[in-house]
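The sequence shown begins at 134 in our numbering and counts up one residue at a time.
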Amino acid sequence: MYEGAAGWLEQHVPHINALNVFPVPDGDTGTNMMLTVQSAVKELRNQKAEQESVGEISRRMARGALMGARGNSGVILSQILQGFARGLEGKEQATAQDIASAFEHASELAYKA
Numbered sequence: 134m135y136e137g138a139a140g141w142l143e144q145h146v147p148h149i150n151a152l153n154v155f156p157v158p159d160g161d162t163g164t165n166m167m168l169t170v171q172s173a174v175k176e177l178r179n180q181k182a183e184q185e186s187v188g189e190i191s192r193r194m195a196r197g198a199l200m201g202a203r204g205n206s207g208v209i210l211s212q213i214l215q216g217f218a219r220g221l222e223g224k225e226q227a228t229a230q231d232i233a234s235a236f237e238h239a240s241e242l243a244y245k246a
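Pasting the structure below:
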C-alpha cells in the first residue's frame, strides 16, 4: 500500500509542484512530499515487514517520514502519517473501520501541524 502511494506521488510531482503558489510559490511541494515518502518507504525496506503488524508498519513509516521530512509539505505529510499510525496502534490487521479511524487521526494531527 505505502509503496503504491509513493509510486503514485512520484508520477504526479510535476503537477503538484505546479499547484504550489501559496504561501511561497517555489514549486517544490511535490518534490518535498516525494522525498518524505521515499524516506518513509526506505525505513520499511531496512527491515523485513512481512511478519509485522499493520500498527508496527505504520509506526515505522511515520518515523521514516518524520526523519526524512523536507519542507513544510513534508513535515505536514509526516504528521499525517503519524496520525494514521496512531489510529492503527496496537492493531495486528486493519479493518475498514480501523482505516477510517486512522484517517480521522491523520486529519486531526495534520491540522495541528
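For glycine and all other residues, C-beta sits at the position ideal for the given N, C-alpha and C.
Keep in mind it's a predicted model, so treat the numbers as computed, not measured.
Check: Which residue wins for smallest C-alpha separation from E222, given the options L210, S211, A235, E176?; Outcome: A235
Check: What are the boundary residues of the alpha helix (DSSP H) that F217 is part of?; Outcome: 204 to 221
Check: Pick helix, strand or coil for M134, following the three-state DSSP scheme.; Outcome: coil
Check: Can you give me the start and stop residues for the alpha helix (DSSP H) that H148 sits inside?; Outcome: 146 to 152
Check: Taking only three categories from DSSP, how would you classify T169?; Outcome: helix
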